[in-house]
Amino acid sequence: MKFQIEDITVYFPYDNIYPEQYSYMVELKRALDAKGHCLLEMPTGTGKTIALLSLITSFPLGSLSSALALGLSSRKNLCINPAVVSAENRDSVDAGCRKLTASWVRALAVENPNIPTCSFFEDYEKSGSEAILPPGVYTLQDLRAFGKQKGWCPYFLARHMVQFANVVVYSYQYLLDPKVAGIISKEMQRESVVVFDEAHNIDNVCIEALSVSVRRQTLEGATRNISRMSQEIERFKATDAGKLRAEYNRLVEGLAQRGNLPIGDTWLSNPALPEDILKEAVPGNIRRAEHFLSVLRRPLFERFQTVVITSGTLSPIDLYPRLLNFNPVVCRSFTMSFTRDCICPMVLTRGSDQLPVSTKYDMRSDPVISYMDAIVNTWNETGILKDIMQHKLVFIETQDVVETTLALDNYRKACDCGRGAVFFSVARGKVAEGIDFDRHYGRLVIMYGVPFQYTLSKILLARLEYLRDTFQIKEGEFLTFDALRQAAQCVGRVIRSKADYGMMIFADKRYSRHDKRSKLPGWILSHLRDAYLNLSTDMALHIAREFLRKMAQPYDKTSASGKRTLLSQEDVEKMSNAGADETVF
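Below, the structure written as structure tokens:
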């Protein structure tokens, strides 16, 4: 469909649009028009990424006859050299590529043809300015196919074409990591619109990109090298300055003998050798180190005109500008329009024996060992796991990626065949962060405990001190914010579309407190009834039965309860004429 948002014609790839998608695009356009940054929170499953791309790409489409869009990834995903890409992991592929494409290797290969090089890279280099991508939209598979067709390296071709593309899709590190950004993203113009999708953890990503782990031996070696370098610099200065002064004296004597030497206070007051000439004795990369640091520290929000931070879990949304030290022109959180109440969040605070449920440190029986492992072992010893496995298969996330991937595959097979399954995972883990359990793969998620960080970590303590001293963010405020956004991210795994449904159980008495609960996203709080805030396991079980029985009934997907959750082009035009501020859902 095609519709107008003020002076922009928006091209949307579907026949209908959600009301929140339209409002999302209106707020995004306001930020782009104001040439400022924005924070936009919209629930999972509402199509925020497609709405975002539809509006942003509609800006240049009005003036461009053709566009170029591409994705950039690692060598592991783009390499087409069989000898390199067959390596086991990404680091091995990177190392194998560099052994064939490094400048010094290629220089040696000119003298000795027996030294191996990459034919795809050599053909790409020989093509020179002709090595370009025609206009179009290129996925990683498209880039690989194009590279094989032309005989060019798709990885280096994509890196080169980034500066000419209208839309570029890549990971955060290509912008945030100085080592990578200095190579890939240095040509990005200030007018570029930077979008961080799923950016609820962007502060942690920034810290990881600018952090490095070093050993004591490394620091001691660096100290010795710095001392030696300082001595070498002083020696260069003294030697070259002495040569310059001797040459200068010879010039002065020659001019004096010829009578061409001007004498006057002005001439005598000027330095014989300006400071910048003397500094030329120091190598440029050392002399200009302070300039390098200033570029390195330049915030992304100053480098680009508009930075969009969006996710389904940004609440409380007002804390992100303080954490990242920027002032957004638009800061908005959207709700989710449903044809029925298909989300059922609950706070479970008591067991069937009325004892409080909590993972608080002082309430654990053994807080030393891994807590999830301790629970699983205890359930196995007491026979609880055996009872569960009579009804559902049990799978557990481990630190081994291969084991976890295999467990996920078998979990899905168990769900597909009707056997059913339970999957144990940890907050902040790979499964809780990036795996979707849509439809029958996830009908209930139990968030057991509040996922606070380990508060005795020296890294966390240093971060808390920095936030307190620099941005006046209290330790408790940040820790609660961080824990609740992780909890929201975990429970959001079960709702991936409006046709989906699922239950969310927050199993810890601390969730019943308003100061904790209020930091959950609005789309969860809007479905969290007061009657569901202090439940025992028996009460939660009864509510779950009623909810699942209700969800199993047929319903009118178009106009249930009189709620409009899909808008046609005619509806959008009416809303556009009436004004976006009147949009209510």
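Numbering of the sequence shown is given in our numbering, commencing with residue 1453 and proceeding in unit increments. Glycine included, C-beta positions come from ideal geometry on N, C-alpha and C. Remember, predicted model here, so these are calculated numbers, not experimental data.
- When DSSP assignments are scanned along the region 1880 to 1931, the uninterrupted stretches of alpha helix (DSSP H) that are 4 or more residues long and fall wholly within it turn out to be 1882 to 1886, 1910 to 1923.
- Burial of Tyr-1893 is indicated by the presence of at least 16 other C-beta atoms within 10 angstroms of its C-beta.
- By the criterion of a C-beta distance shorter than 6 Å, Ser-1525 is surrounded in its chain by Leu-1592, once the five residues flanking it on both sides are discounted.
- By the criterion of at least three beta-carbon pairs nearer than 8 Å, the region 1641 to 1652 is in contact with the region 1494 to 1508.
- Beta-bridge analysis with DSSP links Phe-1958 to Val-1799, Met-1899.
- For Ile-1584, there are no CB contacts under 6 Å within the same chain when 5 residues up- and downstream are skipped.
- In this structure, Thr-1501 sits away from Glu-1472, with a CB-CB distance that is not shorter than 9 Å.
- In the structure shown, the three-state DSSP call for Phe-1847 is strand.
- Boundaries around Gln-1456 are those of the beta strand (DSSP E), 1454 to 1457, since no alpha helix (DSSP H) includes it.
- In this structure, Leu-1530 sits near Tyr-1607, with a CB-CB distance shorter than 9 Å.
- Between the region 1907 to 1921 and the region 1971 to 1987, the count of C-beta pairs closer than 8 Å stays below three; the two stretches do not touch.
- If you check the CB distance, Tyr-1470 and Thr-2017 come in under 9 Å.
- Taken atom to atom, the span from the alpha-carbon of Ala-1884 to that of Arg-1945 is near 7 Å.
- Proximity to Ile-1659 across Tyr-1984, Leu-1912, Ala-1597, Pro-1797 peaks at Leu-1912, based on C-alpha coordinates.
- Per DSSP, Cys-1867 has no beta-bridge partner at all.
- Judged by their CB atoms, Ala-1617 and Tyr-1626 are not nearer to each other than the 9 Å cut-off.
- The region 1888 to 1905 makes contact with the region 1951 to 1969, as at least three CB pairs between them are under 8 Å.
- For Val-1943, DSSP assigns no beta-bridge partner whatsoever.
- Taking Thr-1850 as the centre and dropping the five residues before and after it, the same chain places the C-beta of Thr-1856 closer than 7 Å to its C-beta, in chain order.
- The beta-carbon separation of Ala-1940 and Pro-1973, rounded to 5 Å, stays under the 8 Å limit for a contact.
- Residues of the same chain with a CB within less than 7 Å of the CB of Phe-1875, apart from the 5 flanking positions on each side, are Phe-1847, Tyr-1863 in chain order.
- With a beta-carbon spacing of about 13 Å, Cys-1867 and Ala-1859 fall beyond the 8 Å limit used to define contacts.
- With distances taken between CA atoms, Leu-1985 lies nearest to Val-1799 out of Ser-2028, Asp-1839, Val-1799.
- In the DSSP assignment, Phe-1573 falls within the alpha helix (DSSP H) that extends over 1571 to 1579.
- Nearest to Thr-1801 by alpha-carbon distance, out of Asp-1793, Ile-1795, Lys-1812, is Lys-1812.
- Relative to Asp-1852, the option among Lys-1950, Thr-1830, Ser-1877, Gly-1870 whose CA is nearest is Ser-1877.
- Here Pro-1768 is actually not in contact with Ile-1976; their C-beta atoms are around 13 Å apart, not less than 8 Å.
- Counting along the chain, the unbroken beta strand (DSSP E) around Ser-1785 starts and ends at 1782 to 1785.
- Residue range 1490 to 1493 is occupied by the beta strand (DSSP E) that includes Glu-1493.
- Assignment of Thr-1498 by DSSP, reduced to helix, strand and coil, places it in the coil class.
- Counting C-beta atoms within 10 angstroms of its own C-beta, Met-1494 has 16 or more neighbours from the protein chains shown and is therefore classed as buried.
- Around Ser-1763, the same chain offers Glu-1493, Glu-1650, Ala-1651, His-1652 as residues with beta carbons nearer than 7 Å, after the five sequence neighbours per side are excluded.
- The beta carbon of Phe-1933 sits closer than 7 Å to the beta carbons of Pro-1768, Leu-1771, Lys-1971 from its chain, once the five residues preceding and following it are set aside; these are given in chain order.
- Bounds of the alpha helix (DSSP H) holding Thr-1834 are 1823 to 1834.
- Taken through DSSP and simplified to helix, strand or coil, Asp-1649 comes out as strand.
- Here DSSP, grouped into helix, strand and coil, assigns Val-1666 to coil.
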